[in-house]
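Below is one structure, written out as structure tokens, with a few remarks after it.
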Amino acid sequence: MLSTLSPEGQALVTVIACLAVAYFMLYPALRPRHVSRMALYDLGVTGVMLVINGWLFWGTGTRFSLWLFDTNWVVFTIVIALVIETPLMLWYVRRHGMNWD
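Residue numbering for the sequence shown follows full-length UniProt numbering, starting at 1 and increasing by one per position.
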């Protein structure tokens, strides 16, 4: 199934799957819940996204479209993860009454 998607679609599925695991399995298990701790775990989640997309696209020369410009898989993964994760993180922090300290 993944091979029938465009490169952007494949990278997007990777990002969404990693964020789903993080926000619906990993972060709810954190005790105590702190934004700073979530941020540390998020570095690992982002690393996993980059490793998976690197495994798929490193050395292929595949270009990814970000509407206004084309880029490589690293920049695409980071930008798309940031765009998707920002509202997800704000929702999660608000839902669990976490502080920004």
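Cβ atoms here follow ideal geometry from the backbone N, Cα and C, with glycine treated the same way.
With fewer than three CB-CB distances shorter than 8 Å, the stretch 28 to 39 does not count as touching the stretch 1 to 10. Check the Cα spacing between residue 57 and each of 44, 74, 24, 41: the tightest is with 74.
Exclusion of the five residues before and after residue 85 leaves 19, 42 as the residues of its chain whose Cβ lies within less than 8 Å of its Cβ.
Residue 53: member of the alpha helix (DSSP H) spanning 35 to 57, first to last residue. Going by C-alpha positions, residue 77 is about 13 Å away from residue 70.
Taking the Cα positions, residue 48 is about 12 Å away from residue 16.
Residue 6 sits in coil when the DSSP states are folded into three classes, being neither helix nor strand.
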